[in-house]
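Going by our numbering, the sequence shown opens with residue 512, and the numbers climb by one from there. Read through the structure below, which is laid out as structure tokens, and then see the notes.
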Amino acid sequence: MADSFDIAVIGGGPGGYVAAIRAAQLGLKTAVVEREHLGGVCLNWGCIPTKALLRSAEVLHLMQHAASFGLSASNVGFDLAAVVKRSRAVANQLQNGVKGLLRKNKVTVYEGQGKLAGKGKVSVTKDGKPVAELAAKHIILATGARARVLSGLEPDGKLVWTYKEAMIPPAMPKSLLVVGSGAIGVEFASFYRTLGAEVTIVEVLDRILPVEDAEISAAAKKSFERQGMKILTSATVKSLKKEADVVTATIASAAGETSIKAERVILAVGISANTENLGLEGTGVKLDRGHIVVDPWLQTGEPGVYAIGDITGAPWLAHKASHEGVICVEKIAGLPHVAPLDVRRIPGCTYCHPQVASVGLSEAKAKELGHTVKVGRFPLIGNGKAIALGDTEGFVKTVFDAKTGELLGAHMIGPEVTELIQGYTIAKSLETTEAELMHTVFPHPTLSEAMHEAVLDAYGRVIHI
């Protein structure tokens with residue numbers, strides 16, 4: 512006999528477990544099927560443990576510059592094994608927290624591989640052996656994604672790493688080649704450079720952090736180069752030649768081909784959706800460039816089957832997956848006033864040094880879409896809190912529609928901007944114009960005052976520059 516549920520979720524990552532908890536809160540009998548780790552890649556091998564690693568690097572950086580704060584610290588160094596151990600402990604603590612939340616909400620958890628097995632049915636197997644058969648009125652696919660692999664640049668776990676090996680290095684490499692300059696690539700570049708590795712970043716596009724506003728990308732490049740990183744843009748890694756403990760990469764660019772030697776290579780060239788072995792064959796579920804096609808309510812082409820998170824396409828962000836899970840479940844439950852997700856209101860954060868954060872349209876994209884824009888900027892060198900922190904690198908940029916005053920986008924680089932961006936995100940959700948932002952009182956002294964000043968600057972009213 513199949514175990515019967517209102518909702519069965521395949522995948523226990525930030526989309527799946529949040530969807531399951533929300534479903535249980537709404538009184539729906541819910542199950543989650545997870546083949547590896549509750550919390551998914553994000554919690555176990557992504558967002559959370561990398562932030563723990565970067566925090567260790569940040570503290571090391573501060574200790575190395577203790578004298579500038581009137582302090583003394585001698586023989587400053589690090590224990591790589593202990594840094595990694597702390598990172599894993601942070602991930603384990605949160606994974607246990609997710610387990611506890613699912614228990615608290617009476618969500619049934621099945622360990623194994625979930626697969627569609629006919630209308631309203633899910634089969635669960637582990638190590639090829641049957642575990643359970645589930646019957647569910649609604650099935651949510653939330654299986655996430657994995658590191659993308661390029662032909663000829665396949666990782667081997669020793670010399671050529673994915674994000675997973677990069678998080679648990681057995682020893683500190685003296686030199687590192689990072690292929691790809693999105694969030695994952697530059698975060699690892701920051702971590703390893705702060706710990707002393709010689710770092711080279713190779714990016715196929717004409718600038719690093721290519722999804723960010725061009726001014727932010729340019730500022731990040733200058734900062735990284737000041738830190739000693741080597742950055743190659745409009746360049747492609749053609750091949751990797753592995754030796755005993757070093758890799759020789761052949762790099763092609765407009766200037767021709769060159770070779771770079773590095774002890775280790777990190778591949779950070781995007782992700783591929785986990786749509787294999789889900790039983791999609793013979794169903795109405797459709798794929799577009801490897802991702803599952805869904806409507807605004809996350810419904811696939813197969814009645815009763817939904818998909819959320821990374822398997823539905825960009826942006827590939829944990830908080831996007833979680834929000835989609837809530838929307839999907841609330842729509843299934845028939846709640847009134849459920850709103851579809853507006854991707855223009857999803858913030859993006861990169862935890863390199865300096866941090867980068869944004870929401871909405873870049874200046875170039877806003878113009879491309881036909882907006883006449885007003886743009887404001889405020890440098891953190893003019894912010895009292897940043898000066899007191901001893902971290903004045905960076906700026907805040909705002910983009911407004913000149914006709915309506917709508918906040919189209921906000922872009923930030925500097926200390927703790929990943930914590931600040933939510934202010935602009937809320938403003939966009941409330942459809943705020945420059946008038947409301949100008950009349951908002953920002954506390955002093957805080958980094959957030961730079962956000963206010965960037966709004967004022969767009970309208971010729973900036974005070975502190």
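For each residue, glycine too, the CB sits at the ideal point set by N, CA and C.
Best match in the options for proximity to residue i [C-alpha to C-alpha]
{"i": "ALA755", "options": "TYR817, ILE777, LEU828 and ASP667", "result": "ASP667"}
{"i": "SER634", "options": "GLY707, TRP672, PRO680 and GLY790", "result": "GLY790"}
{"i": "LEU627", "options": "PRO956, VAL618, THR786 and PHE906", "result": "THR786"}
{"i": "MET683", "options": "LYS741, LYS842, ASP590 and GLY631", "result": "ASP590"}
{"i": "VAL544", "options": "GLY655, LYS630, LEU565 and ALA600", "result": "GLY655"}
{"i": "VAL722", "options": "ALA653, GLY693 and ALA530", "result": "GLY693"}
{"i": "ARG737", "options": "SER750, GLU874, SER701 and PRO847", "result": "SER701"}
{"i": "LYS615", "options": "GLU942, ALA729 and ALA534", "result": "ALA534"}
{"i": "HIS882", "options": "LEU918, PRO890 and ARG856", "result": "LEU918"}
{"i": "GLY691", "options": "PRO680, LEU720 and THR705", "result": "LEU720"}
{"i": "ALA1001", "options": "VAL618, ASP514, PRO680 and GLN575", "result": "No answer is possible for residue 1001: the residues shown for the chain start at 512 and end at 976."}
{"i": "THR943", "options": "LYS610, GLU927 and THR909", "result": "THR909"}
{"i": "ILE532", "options": "GLY836, ALA766 and GLU927", "result": "GLY836"}
{"i": "TYR862", "options": "PRO641, GLN575 and GLU698", "result": "GLU698"}
{"i": "GLY639", "options": "GLY631, ALA766, HIS848 and GLN624", "result": "GLN624"}
{"i": "VAL849", "options": "ALA965, GLU841 and ARG856", "result": "GLU841"}
{"i": "VAL748", "options": "ALA731, LYS732, VAL776 and ILE727", "result": "VAL776"}
{"i": "ASP517", "options": "PRO851, VAL884 and ALA647", "result": "ALA647"}
{"i": "PHE735", "options": "HIS864, SER750, HIS649 and GLY524", "result": "HIS864"}
{"i": "GLY523", "options": "ALA832, GLU947, HIS802 and LYS876", "result": "ALA832"}
{"i": "THR711", "options": "SER728, LYS772, SER750 and ILE727", "result": "LYS772"}
{"i": "GLY526", "options": "VAL757, LEU828 and GLY781", "result": "LEU828"}
{"i": "ILE932", "options": "SER583, GLU904, PRO858 and ALA899", "result": "PRO858"}
{"i": "ARG657", "options": "LYS753, ILE822, ARG597 and LYS752", "result": "ILE822"}
{"i": "ALA877", "options": "PRO851, THR903, GLY901 and LYS914", "result": "LYS914"}
{"i": "GLY739", "options": "ILE521, LEU706, GLU879 and HIS576", "result": "LEU706"}
Unbroken beta strand (DSSP E) run spanning residue i, endpoints
{"i": "ILE712", "result": "709 to 713"}
{"i": "HIS922", "result": "918 to 925"}
{"i": "THR619", "result": "619 to 622"}
{"i": "PRO890", "result": "884 to 890"}
{"i": "SER583", "result": "SER583 -> no beta strand (DSSP E), and no H or E assigned at all."}
{"i": "LEU751", "result": "747 to 753"}
{"i": "LEU687", "result": "686 to 690"}
{"i": "VAL758", "result": "758 to 764"}
{"i": "ASP517", "result": "514 to 521"}
{"i": "THR496", "result": "Past the edges of the chain, shown from 512 to 976, lies residue 496, and the structure says nothing about it."}
{"i": "SER634", "result": "632 to 637"}
{"i": "GLU676", "result": "GLU676 -> not in any beta strand (DSSP E); alpha helix (DSSP H) instead, spanning 674 to 678."}
{"i": "LYS596", "result": "Per DSSP, LYS596 belongs to no beta strand (DSSP E); it is in the alpha helix (DSSP H), 591 to 615."}
{"i": "LEU743", "result": "741 to 743"}
The alpha helix (DSSP H) enclosing residue i, as first and last residue numbers
{"i": "PRO641", "result": "First-last for PRO641: 640 to 652, but that is the beta strand (DSSP E), not the alpha helix (DSSP H)."}
{"i": "ARG546", "result": "Note, ARG546: premise wrong, no alpha helix (DSSP H); not H, not E."}
{"i": "ILE810", "result": "The sequence given here places Gln at residue 810; Ile does not occur at that position. Unbroken run through GLN810: none, as it is neither H nor E."}
{"i": "GLU698", "result": "694 to 705"}
{"i": "ILE898", "result": "895 to 900"}
{"i": "ARG659", "result": "Note, ARG659: premise wrong, no alpha helix (DSSP H); not H, not E."}
{"i": "SER873", "result": "Careful: SER873 lies outside any alpha helix (DSSP H) and carries neither H nor E."}
{"i": "MET683", "result": "That residue, MET683, is in no alpha helix (DSSP H); it is neither H nor E in DSSP."}
{"i": "ARG533", "result": "527 to 536"}
{"i": "SER734", "result": "725 to 737"}
Same chain, Cβ closer than 8 Å to residue i, neighbours up to 5 away in sequence not counted
{"i": "ARG972", "result": "MET949"}
{"i": "VAL595", "result": "LEU564, MET678, ILE679 and PRO680"}
{"i": "GLU665", "result": "VAL671"}
{"i": "ALA731", "result": "VAL697, ILE719, LEU720, GLU723, CYS863, PRO865, VAL867 and ILE924"}
{"i": "GLU768", "result": "LYS749, THR761 and ILE762"}
{"i": "SER873", "result": "GLU723, ASP724, ALA725, VAL910, GLY920 and HIS922"}
{"i": "SER770", "result": "THR759, ALA760, THR761 and ILE762"}
Cβ-based neighbour list, residue i, same chain, cut-off 6 Å, excluding 5 preceding and 5 following
{"i": "VAL804", "result": "LYS797"}
{"i": "HIS649", "result": "ILE518, GLY815 and ILE843"}
{"i": "LYS741", "result": "THR711"}
{"i": "VAL928", "result": "GLN866 and ALA868"}
{"i": "SER567", "result": "VAL594"}
{"i": "GLU676", "result": "GLY668"}
{"i": "CYS860", "result": "ALA868 and THR929"}
{"i": "PRO956", "result": "GLY895 and LYS896"}
{"i": "VAL715", "result": "THR747"}
Cutoff 7 Å; reference residue i; Cβ partners in own chain excluding five residues on either side
{"i": "LYS685", "result": "ALA708, GLU709 and GLU774"}
{"i": "CYS839", "result": "ALA530, ILE651, TRP808, LEU809, TYR817 and ILE819"}
{"i": "ALA965", "result": "GLY887, ARG888, PHE889, VAL907, LYS908 and THR909"}
{"i": "ALA643", "result": "ASP514, TYR621 and VAL635"}
{"i": "ALA969", "result": "LYS885, VAL886, GLY887, THR909, PHE911 and GLU945"}
C-beta neighbour in chain B for residue i, strict 8 Å
{"i": "LEU791", "result": "Protein chains in the displayed structure number just one, and chain B is not present."}
(message) Does the structure place the segment 597 to 609 close enough to the segment 550 to 557 that three or more beta carbon pairs sit under 8 Å?
(response) yes
(request) Determine contact between the segment 889 to 896 and the segment 948 to 968, defined as no fewer than three beta-carbon pairs at a distance below 8 Å. (result) yes
(message) In chain order, what are the residue ranges of uninterrupted beta strand (DSSP E) at least 3 long that sit wholly in the segment 812 to 866?
(response) 816 to 818 and 859 to 861
(request) With a floor of 4 residues, list each alpha helix (DSSP H) that falls wholly inside the segment 544 to 578, ordered by position along the chain. (result) 551 to 556 and 558 to 575
(request) Please go through the segment 774 to 807 and give each complete alpha helix (DSSP H) segment of 4 or more residues, from N-terminal end onward. (result) none
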